[in-house]
Amino acid sequence: MMESYMHVYRIILMVVLQGWFPGSYSKKSAFTLPKSIRALRGSCVEIPFSCPRNYRNFNLVWYKEIELQFDYKIFNHRDSSDVNEHYRGRTSLVGNEPNSCSLRINDVQETGTFYPYINSKKSQTVNVQVSDVPNEPSIQKPSILTEGGSVSISCSVEHTCPSSPPTLQWNKAGYNITYNQMRLKDGVWKATTVMEYLPSYQDHGTELICDAIHPNGLKSKTRWVTLNIRYAPKRVAVLFGGERERKEGDEVSLSCTSEANPAANDFIWYNNMRDETVELREEHGQNINVTLGWDREKFSCTARNPLGTGNSRVYELQVLYKAKNVTIKGKEEMKEGEILELECHFSDYNTIKYNYSYNWYLNGNPVNGKTGRILQIINITKSKSGNYSCNVQNRAGHSYSPLFSVTVMAVISAQTGEELPMGIILGGVAGAALLILLVLSLYLFLRKTQKLEAPEGRRVETNNQEHLSNDGQENYYCNFSAIAGPSRNSTVGTQLSEMELEDLYSKPKEPNEVEYILVNHVPSNGAAQQQNPVEETEYSIVNC
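Residue numbering for the sequence shown follows my numbering, starting at -10 and increasing by one per position.
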């Protein structure tokens, strides 16, 4: 019991003595320094140190310990010139508090031990560790990022120079960027920048980088995080497999691709035809196989994941189609000896121009030598009657026309009422052509002969002349020929004078029937000095 009482008594006495001599406790607790502090070479460092609040007009001197020598005076509160030359202009007090005794050293170069002297009393020491490597920044972000949902992302770095903190920079754009500092302990501070970031699918899988640039220009080791952003399917597309040239009837593999996080797990396929878009309900996989038809083959797809859907554009397959709607146009009935002409028509749905070849058939048998789009048979015979068809071919395949019936009718004789053999018809046509050629040749020969007989002078020959007397009006009938040139034999022809010829031409009797075949009069073009100018007149046969 007595021992317990004495223990309580000692505690009370200690408390009373501390209260009676407050300076002894406060002074001891007020002079505090960190045991060590880290500094970046070439940068600045601030050593925290607080003087007692009741100190007034004190003298503060900072020293650097030097082995086996007098310590360097690196700061003098009352005389700034009374310092070592290596620290002159590089040290100062910092802090807004009236009792702040914290020391700032600029352009820190070497590691060392420092201590303050207040009113000739030495305080604790602090070891400054100088490093060439700045502290790495750190990034804090939410674990889940979703496209379109704004989040706050921060970057921070520790340092020991709060009056000149590092500059923090992002590699991506953000908004509402803020900056602040927070005191940690033992002279260490943390600088932090906060960015409001709007995630985009384009940033998924990329690196978010934060750089810290210190007052000495050194950059901290780059810090980054890989962004994992959730988003609905984007860039949905249809990919085609197989050969580059696709023909009607080929089977083609289609794949619906997209960019999504998480990956798309449901797909819808569409066949976009000419007049409507049809959903391929039986196909819901990412990959499908389709057989190409004759219509324009256009496909699209929809990709879906838990965050939404994405639609592809319409993709058209370049398909080589066969000829469609093949038909024959031409005359269905004709006569022997005429020309048969049939034309093969079809619809071409290819967007690219392709070469076509043609084959013609009569009653299922090839028409030899006929490979063009137009079938032409000259001098057709009854044996060519029957069912014609044409075959149109390209690299996609063959297309046949329906049968086209042609009837060739025989030529009927007007005299006998019987069919004329084809040989007679052809012979008659050939004979008529030959006769026309003979008549034309004879005419040209006679013309040439008449032009060759053109000597000077004129001759009129009268082949036959008859004079009949009738009561009343006189009628003259004659059949003569007059040929230009002098008379070859006076006993055969009758030579007329110029006056007689003029009278003959100017006062003719009116005939009952006159047939003029050809008359050509050529005036004389002789010179004036000629005594007997000559005029030439050509006559053909005249019936009067």
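Quick reminder that beta carbons are idealized off the backbone N, C-alpha and C, glycines included. Keep in mind that this is a model prediction, so the values were computed, not measured.
- As summarised for the segment 330 to 408, the continuous beta strand (DSSP E) elements at least 3 residues long and confined to that stretch are 346 to 351, 363 to 366, 375 to 383, 386 to 389, 393 to 398, given in chain order.
- The alpha-carbon separation between S378 and N278 amounts to approximately 36 Å.
- Residue environment for A419: exposed (fewer than 16 other C-beta atoms within 10 angstroms of its C-beta).
- Here the alpha carbons of T246 and A221 stand approximately 13 Å from one another.
- When rounded, the separation of the alpha-carbon atoms in T291 and S132 is 29 Å.
- The segment 40 to 54 makes contact with the segment 89 to 107, as at least three CB pairs between them are under 8 Å.
- Under the three-state reduction of DSSP, G297 is assigned to strand.
- If the five residues before and after E240 are omitted, its C-beta is found closer than 6 Å to the C-beta atoms of N278, T280, all from its own chain and listed in chain order.
- In this chain, the beta strand (DSSP E) harbouring L29 covers 25 to 29.
- Taking C-alpha positions only, V119 is separated from I94 by approximately 12 Å.
- In this model, K359 and K236 are separated by some 27 Å (Cα to Cα).
- In this structure, Q275 is the residue among P251, Q275, S242 with its C-alpha nearest to the C-alpha of I257.
- Pairing R362 with Y350 gives a Cβ-Cβ distance that is not under 7 Å.
- Only residues of its own chain outside the window of five on either side were considered, and among them I317, Y377 have a CB closer than 6 Å to the CB of F393, listed in chain order.
- In this structure, DSSP gives Q170 an extended state, which the three-state scheme calls strand.
- Just so you know, the alpha carbons of H75 and K208 end up roughly 27 Å apart.
- The criterion of a C-beta distance shorter than 7 Å is satisfied by N294 and A249.
- The Cβ atoms of N380 and Y345 do not sit closer than 7 Å to each other.
- About 7 Å separates the beta carbon of A201 from that of P123, a gap short enough to meet the 8 Å contact definition.
- Here M184 is buried: its Cβ has 16 or more other Cβ atoms, across all protein chains shown, within 10 Å.
- Closest by C-alpha distance to N357, out of K373, Y343, K342, is K373.
- In the structure shown, F229 falls within a strand segment according to DSSP collapsed to helix, strand and coil.
- Classified as exposed, I425 has fewer than 16 neighbouring CB atoms from the shown chains inside 10 Å of its CB.
- When L92, K223, Y338 are compared, the shortest CA-CA separation from F64 is found for L92.
- Cβ contact annotation for D96 (same chain, cutoff 7 Å, sequence separation greater than five): G31, R79, in chain order.
- Distances from the CA of Q170 to each of T149, K371, Y190 were compared; the closest alpha carbon is that of T149.
- Look at G420 here: in three-state DSSP terms it is helix.
- For the set L243, M323, V315, the Cα lying nearest the Cα of E286 is the one of L243.
- Here the alpha carbons of E330 and I369 stand approximately 10 Å from one another.
- In the three-state reduction of the DSSP assignment, S81 falls in the strand class.
- Membership of P105 in the beta strand (DSSP E) is indicated by the continuous run 101 to 107.
- In the DSSP annotation of this structure, the continuous segment of the beta strand (DSSP E) that includes H148 starts and ends at 140 to 148.
- Cβ-Cβ separation between V395 and K324: approximately 12 Å, too far for a contact (criterion under 8 Å).
- Proximity to G84 across G176, A162, S109 peaks at G176, based on C-alpha coordinates.
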